[in-house]
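Protein chains in written order, with my numbering: chain A, 1 to 344; chain B, 1 to 307.
What follows is a single structure, written as structure tokens, with notes after it.
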């Protein structure tokens, strides 16, 4: 049985209820028999608890009525056509358009239907990525999303299922694993992979506008990176921007905010923000003087972008050399068991 | 830095002893060379830290053009403007617990002290810091002063609890009558700050992107300034291209405190008309005109900013 503080800290229906309507109904009644405010002197706290119990129960019944359930590492969804889908996941996150669930080989986005225009934009941009030749296609195609399913649910959500290599992990989870400070040698190859992708986006005349630790995945065995999320906001360079997450809005300069025009500079600034975040401080202040991080690398992530992605990459190569000398493969010893052992 | 609170009695006492009775700008600003404590060279950080007196500090940087005749702005701030600014910020509370830093802006091509930076202060010490500034009366014939040097310093060499602890940006105002300089050279950044950059120069846009990560940025054009009177279109165009609606044109430099306070109020959600109307007489009109193009930051909904 849960105590009152545990209940007040709950966010999801599955934390309190079983994914079956009849059982959940009994659980609801039993919980109210214990936590109803009329039964307690400290009624304010119990009022809050009863309110939380009712809120989670209502949400649980709504999910179950629509053929959906999320809990214990399993998401079950029923499409508006009645088709049932389920996926095991390692971790779930909320983001500005809804929620996403990271499984071993897939990422499932559950997006509020009011944001359908962002979804359609993402699918269109991904579908129309171009490659100079087959070599380029072979090299780059694997770094971008392959959408395996899209459908709507009864409760006005859009589901997007994206394939993911089993050994690719989100930067957000990598950062959590390392206790919010990724060793700087790893940050270096991660940033190199991001600049590689920035050059490709530049070739495609695109401003991605969603490059962040939530949307970027890395393969430690290959030292490569995959830009699997955030395509909702992608527009052509010089095209009208549609939107951005609050985090990226905060690094936009007044002229970017005023013009609202797609620019590679925002993607390049987002990469530096990722650098600062992985090194331990997204503000770039706590990392100053950190003996674990070479000074040229600190100056780089704290500094500002002044070039197009290709020129930026050339300067970045100089920074790597100044920081570490010649390139060297540093093993990142991570697997999904280490990453997700305590997640669910 | 930044302990203590503004106190009008302390101001009166300081003003009586150090300012009243002094006739000219150079009487108030007695320094005849750069005070070493204001030299930005090799400064790691100027800090704006929360304290018992100021638990939710807000950094406000005010960069004053001290070239040519623009010293009158600093003079007015020292005589009456600072008291008005501090009092109105405390009374109107557009931001919490202000920590003010002044900068003296010159011309990196010609002057011996192209940038001077005080500490962030919350009490009478800011007046003492302000009057340490060397009003060089310099500048040259290049149509611009080094208004973007403060952007580098604020972006790379300030450490503010407002940003670190609360993720909130500070405010930086530069003030003058000339055009925005197009670039700052690598050698100039090395000379003034002792910093090394990867490229040969940085544009004003580059520096703006840098400072915008931590500060809301504004430039106030003094319409009474010589350069602005003779080349207004060039001045306005050069700033509009960089800062857009964040360019504020001020027709009476003695109303600078009111404009800064009004801008803070509007940026923090107050209605422009109500803010303008809160000032009496001609100030109302001057402020109304100055802030008429100012627009607020977009609001996010659940972390999403739609354009």
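Beta carbons: idealized from backbone N, C-alpha and C, even for Gly.
Quick caveat: nothing in here was measured; it's all calculated off a predicted structure.
Using a cut-off of 7 Å between C-beta atoms, extract the partners of residue i located in chain A.
i: residue 58 of chain B; result: Result: empty, since nearest Cβ-Cβ is about 16 Å, beyond 7 Å.
i: residue 206 of chain B; result: 304, 306
i: residue 254 of chain B; result: None at all; the shortest Cβ gap to chain A is about 27 Å.
i: residue 212 of chain B; result: 253, 254
i: residue 236 of chain B; result: Under the 7 Å cutoff, chain A gives no residues; its nearest Cβ is about 15 Å from residue 236 of chain B.
i: residue 117 of chain B; result: By Cβ distance, chain A contributes nothing, its closest Cβ being about 17 Å from residue 117 of chain B, past 7 Å.
i: residue 217 of chain B; result: 254
Run through DSSP, which three-state label would residue i get?
i: residue 262 of chain A; result: coil
i: residue 202 of chain B; result: strand
i: residue 280 of chain B; result: coil
i: residue 137 of chain B; result: coil
i: residue 69 of chain A; result: strand
i: residue 111 of chain B; result: coil
i: residue 69 of chain B; result: helix
i: residue 344 of chain A; result: Only weak support exists for where residue 344 of chain A lies, its pLDDT of 46 falling under 50; the value from the coordinates is given anyway. Coil at residue 344 of chain A, not helix or strand.
i: residue 244 of chain B; result: helix
i: residue 208 of chain A; result: coil
i: residue 157 of chain B; result: helix
i: residue 252 of chain A; result: coil
i: residue 56 of chain A; result: helix
i: residue 84 of chain B; result: helix
i: residue 46 of chain B; result: strand
i: residue 168 of chain B; result: coil
i: residue 285 of chain A; result: coil
i: residue 369 of chain A; result: The requested residue 369 of chain A is not part of the displayed model; chain A covers only 1 to 344.
i: residue 223 of chain B; result: coil
i: residue 59 of chain B; result: strand
i: residue 8 of chain A; result: helix
i: residue 263 of chain B; result: helix
i: residue 36 of chain A; result: coil
i: residue 257 of chain B; result: helix
i: residue 304 of chain A; result: coil
i: residue 131 of chain A; result: coil
i: residue 274 of chain A; result: helix
How would you label residue i, buried or exposed, when you count the other beta carbons within 10 angstroms and need 16 or more for buried?
i: residue 122 of chain B; result: buried
i: residue 141 of chain A; result: exposed
i: residue 344 of chain A; result: Because residue 344 of chain A carries a pLDDT of 46, less than 50, the predicted location of this residue cannot be relied on, and no value is offered for it.
i: residue 299 of chain B; result: exposed
i: residue 111 of chain B; result: buried
i: residue 44 of chain A; result: exposed
i: residue 58 of chain A; result: exposed
i: residue 113 of chain B; result: buried
i: residue 269 of chain A; result: buried
i: residue 326 of chain B; result: This structure does not reach residue 326 of chain B, given that chain B is present from 1 up to 307, and the question cannot be answered.
i: residue 150 of chain B; result: buried
i: residue 93 of chain A; result: exposed
i: residue 172 of chain B; result: buried
i: residue 96 of chain A; result: buried
i: residue 227 of chain A; result: buried
i: residue 247 of chain B; result: buried
i: residue 63 of chain B; result: buried
i: residue 119 of chain A; result: buried
i: residue 275 of chain B; result: buried
Residues of chain B with CB closer than 8 Å to the CB of residue i, please, in chain order.
i: residue 302 of chain A; result: 156
i: residue 325 of chain A; result: By Cβ distance, chain B contributes nothing, its closest Cβ being about 18 Å from residue 325 of chain A, past 8 Å.
i: residue 246 of chain A; result: 300, 303, 304, 305
i: residue 315 of chain A; result: 198, 199
i: residue 265 of chain A; result: 209
When you measure from the CB of residue i to every non-hydrogen atom of the ligand ZN, does any distance come out below 7 Å?
i: residue 42 of chain A; result: The ligand ZN is absent from the structure shown, which contains no ligands of any kind.
At a CB-CB cut-off below 9 Å, which residues of chain B make contact with residue i?
i: residue 258 of chain A; result: 243, 244, 245, 246, 295
i: residue 318 of chain A; result: 198
i: residue 433 of chain A; result: The first residue shown for chain A is 1 and the last is 344, placing residue 433 of chain A beyond what the model contains.
Which chain A residues are close to residue i, counting only those with a beta carbon under 9 Å from its beta carbon?
i: residue 101 of chain B; result: What residue 101 of chain B touches in chain A: nothing, since even the nearest Cβ is about 17 Å away.
i: residue 164 of chain B; result: 281, 283, 285, 286
Pop quiz: residue i and residue j are said to be a contact at Cβ under 8 Å. What is the actual Cβ separation, rounded to whole angstroms?
i: residue 98 of chain A; j: residue 111 of chain A; result: 4 Å
i: residue 19 of chain A; j: residue 56 of chain A; result: Not a contact, Cβ separation roughly 13 Å.
Kindly list, in the order they appear in chain A, the residues whose Cβ is closer than 8 Å to that of residue i.
i: residue 159 of chain B; result: 285
Cβ contact check for the segment 201-213 of chain A and the segment 141-157 of chain A: 3 or more pairs under 8 Å: The segment 201-213 of chain A vs the segment 141-157 of chain A: no contact.
Taking one C-beta from the segment 185-197 of chain B and one from the segment 222-230 of chain B each time, how about it: are there three or more such pairs within less than 8 Å? The segment 185-197 of chain B is not in contact with the segment 222-230 of chain B.
Quick test of the definition: if touching needs 3 or more C-beta pairs under 8 Å, does the segment 305-317 of chain A touch the segment 143-161 of chain A? No, the segment 305-317 of chain A is not in contact with the segment 143-161 of chain A.
Cβ pair count under 8 Å reaching 3, the segment 40-60 of chain B against the segment 115-135 of chain B: Enough Cβ pairs lie closer than 8 Å, so yes.
Meets three-Cβ-pair contact criterion under 8 Å: the segment 138-152 of chain B and the segment 21-37 of chain B: No contact exists between the segment 138-152 of chain B and the segment 21-37 of chain B.
Quick check: the segment 121-141 of chain B against the segment 76-94 of chain B, are there 3 or more CB pairs under 8 Å? The segment 121-141 of chain B vs the segment 76-94 of chain B: in contact.
Pair every Cβ in the segment 45-61 of chain B with every Cβ in the segment 156-163 of chain B, then say whether three or more of these pairs are closer than 8 Å. Verdict: yes, contact present.
Quick check: the segment 208-215 of chain B against the segment 246-261 of chain A, are there 3 or more CB pairs under 8 Å? With a cut-off of 8 Å, the segment 246-261 of chain A and the segment 208-215 of chain B count as touching, because enough Cβ pairs lie within range.
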